[in-house]
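Following: one structure in structure tokens, then a few remarks.
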Amino acid sequence: MPERRFLNILINWVLWLILDRDYNIRLARVYKNSIMGTFNILKTEIKCENCGQVRPVDIQFCFGDTWQLVYQMGEKLIWGGNDIGKANLNIVNVYGYGGDNVCPHCNKFFEEEQFDIRIERDFITAVSVMKDYKRYQEKGDDEYYEVTD
0 MPERRFLNIL
10 INWVLWLILD
20 RDYNIRLARV
30 YKNSIMGTFN
40 ILKTEIKCEN
50 CGQVRPVDIQ
60 FCFGDTWQLV
70 YQMGEKLIWG
80 GNDIGKANLN
90 IVNVYGYGGD
100 NVCPHCNKFF
110 EEEQFDIRIE
120 RDFITAVSVM
130 KDYKRYQEKG
140 DDEYYEVTD
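Below is the structure:
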């Protein structure tokens, strides 16, 4: 029986690759439970809290069409696939996970870094080290919250 499920998934992925975008969007919604682990990446630089030098960091986040898309600061998010969140919100803070990182200047090890990614009308405008996770839990969605203040 597991072979049949695997074959079914394989056939759907092949169809995903060769058919039009509208079919891809419907298929993503049907199989959302099997592709929930997808995320996007923000490649950016932040100031090291230890030495003050700028260091590179890759931050994973789940907002917009989450399909392993890679973004830079100032880019506009893509929508219309495996969407998480809502398009065109005024100001949103999105939870970002940087994993384990080492500053190339001072060799300081940063474990399990978490970030706030600021998105304004679908454009990535800022990133900062997260100070408090509570705001993400207030509305019941751990991935983002709308900024109202």
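Numbering follows numbering that gives the first Met the number 0, in which position 61 of the sequence shown is assigned residue number 60; successive positions increment by one, without gaps. Even glycine gets a Cβ: it sits at the ideal position worked out from N, Cα and C.
DSSP beta-bridge partners for residue i?
| i | result |
| --- | --- |
| residue 96 | 59, 113 |
| residue 119 | 90, 122 |
| residue 83 | 63 |
| residue 75 | 122 |
How would you write the range of the beta strand (DSSP E) that residue i sits in, first residue to last?
| i | result |
| --- | --- |
| residue 143 | 143-145 |
| residue 124 | 122-128 |
| residue 43 | 39-46 |
Note the first and the last residue of the continuous alpha helix (DSSP H) segment covering residue i.
| i | result |
| --- | --- |
| residue 137 | 133-137 |
Does the Cβ of residue i have 16 or more other Cβ atoms within 10 Å, making it buried, or fewer, making it exposed?
| i | result |
| --- | --- |
| residue 36 | exposed |
| residue 149 | The first residue shown for the chain is 0 and the last is 148, placing residue 149 beyond what the model contains. |
| residue 10 | exposed |
| residue 27 | At residue 27 the pLDDT is 49, less than 50, meaning the model places this residue with poor confidence and gives no usable figure here. |
Assuming residue i contacts residue j (C-beta within less than 8 Å), just tell me the rounded distance between them.
| i | j | result |
| --- | --- | --- |
| residue 83 | residue 114 | About 17 Å separates the two Cβ atoms, so there is no contact after all. |
For the pair the region 43-56 and the region 92-104, tell me if three or more CB-CB distances fall below 8 Å.
Judged by Cβ distances under 8 Å, the region 43-56 makes contact with the region 92-104, as three or more pairs qualify.
Is the number of C-beta pairs between the region 141-148 and the region 91-98 that are closer than 8 Å three or more?
Yes: the two stretches touch, three or more of their Cβ pairs being nearer than 8 Å.
Is the region 118-135 close to the region 69-86, with three or more CB pairs under 8 Å?
As far as the Cβ criterion goes, the region 118-135 touches the region 69-86, which means the pair count is three or higher.
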